[in-house]
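Once you know that position 244 of the sequence shown is 335 in my numbering, the rest is easy, because the numbers rise by one and skip nothing. Every residue, glycine too, gets a C-beta built ideally from N, C-alpha and C.
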Amino acid sequence: MNVNGVRERTLTETPDGRAVSIVDQTLLPDRFEHLRLEDIAATASAISRMSVRGAPLIGIAAAYGLALGLRDDASDAGLDRAIKLLISTRPTAVNLRWALESVRAEVAPLPESQRFSEAWATAGRMAEEDVAACQAIGRHGAVLLESLQQPRRDGGRLNILTHCNAGWLAAIDVGTALAPVYFLHDAGVPVHVWVSETRPRNQGLLTAWELGAHGVPFTLIVDNAAGSILQSGRVDACIVGTDRVTRNGHVCNKIGTLLKALAADDAGVPFYVAAPSASIDWTLSDSALIPIEERSAEEVRGNANTPVLNPGFDVTPGHLVTALITEYGVCPATEEGLASLVPEARLKEEKLLTPVPPESTAASRWK
Ligand code: MRU
């Protein structure tokens, strides 16, 4: 995407081939600055403190982090240690596990001397595949959203509501949920985005910043305004990203997504989820088993004595999702829908991913 007229990606390899350069998202929207990550420790720390964030970007950053780890120790034990460190950075986005296991599958059969270069090249391929997947989601989503033109009330302008940031900052480029918006805007279709603030980390400010930088009209709203805005007919469609979609179509995304889906359902507004195949967890049907990140109380409270619960994500059941938009096309948020659309990817993932042991005994709500 363009920032101040300069073509930017969220993560690039440095010219010396010894590090990656990231946009430090903890400084946005106030400052646009890059940060050099030279080793696995710096990469793991950047993911944990959310200098890089958003499911697709977390995955690619971790793949590069693993390569940097292998440059220092390419032994089998080093590989295991590096994956253990990186996977502990954030628990919810399945892209992290997918990326690390993909790199492991490429490098494990190789002699140690070749592991760093192969891991680095694999991470680079993943970055390009992410861009291509986001562009495909943009194309599919744009067709879908344009087909909603008829019921538009706002002088022909398409009004989209989104939550969190699933734009280019959350991927390598283009983004997932915002990709169709950029496609439509660039094609001259009048579009306006309601941007939900996304307490407590305010990722909505990132969305506002990137939409503004690209010239897409938007309005920032507090999270609790979404219900009444949906009810009043000022939204034609909701579109959000995801950190993990179960194989039967339940969608884990930033906390607050579920409330928007419920409000959209009541208002009769379609609720779409942009889901690259790397965000689909083929090993999981029971959404109660998704590890939900619990974040620090300091993000919420002003008083050190106040009890706080701060879950980072929630799960929207598939029946509240009008459709999933993947790089392969649009499908219902069901097991059949996903399986019909991405059979090859499914096979690949099933080979790659070993089922995760249950981390929660919570009753399954939407099996
Ligand atoms: O905690 P974050 O900012 O990493 O959460 C990001 C989201 O919830 C996004 O909606 C999701 O990762 C999809 S990004 C394309």
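- Cα atoms of Leu176 and Thr134: separation of roughly 10 Å, rounded to the nearest angstrom.
- Restricted to the segment 264 to 345, the alpha helix (DSSP H) segments that are unbroken, complete and at least 4 residues in length are 270 to 277, 294 to 305, 317 to 322, listed in chain order.
- Going by DSSP, Tyr363 is part of the beta strand (DSSP E) stretching over 362 to 365.
- Going by DSSP, Cys422 is part of the beta strand (DSSP E) stretching over 420 to 422.
- With a contact defined as Cβ atoms closer than 8 Å, Met217 and Ala196 miss out at about 12 Å.
- Short note on Thr117: C-beta not closer than 7 Å to any heavy atom of ligand 1.
- For Asp245, the three-state secondary structure derived from DSSP is strand.
- Residue environment: Glu418 is assigned as buried (16 or more neighbouring CB atoms within 10 Å of its CB, all protein chains considered).
- Non-local C-beta neighbours of Glu129 in its own chain, meaning closer than 6 Å and more than five positions away in sequence, comprise Ala110, ordered along the chain.
- In the DSSP assignment, Ile383 is bridged to no other residue.
- DSSP places Leu126 inside the beta strand (DSSP E), whose first and last residues are 125 to 128.
- When C-alpha distances from Thr180 are compared across Val114, Leu236, Leu161, Ala154, the shortest belongs to Ala154.
- Residue Asp314 holds the alpha-carbon nearest to the alpha-carbon of Thr348 among Asp327, Ile381, Asp314, Arg338.
- In the DSSP assignment, Ser378 falls outside any beta strand (DSSP E) and carries neither an H nor an E.
- Cβ-Cβ distances below 6 Å link Asp356 to Leu411 in the same chain, with the five nearest sequence neighbours on each side left out; the list follows chain order.
- Within the chosen limit of 7 Å, ligand 1 does not reach the beta carbon of Ala304 with any heavy atom.
- With a cutoff of 7 Å, Asp327 does not count as near ligand 1, since its C-beta is closer than that to no heavy atom of the ligand.
- Inclusion of Leu415 and Ala352 in the CB contact set at 8 Å is not warranted, their separation being larger than that value.
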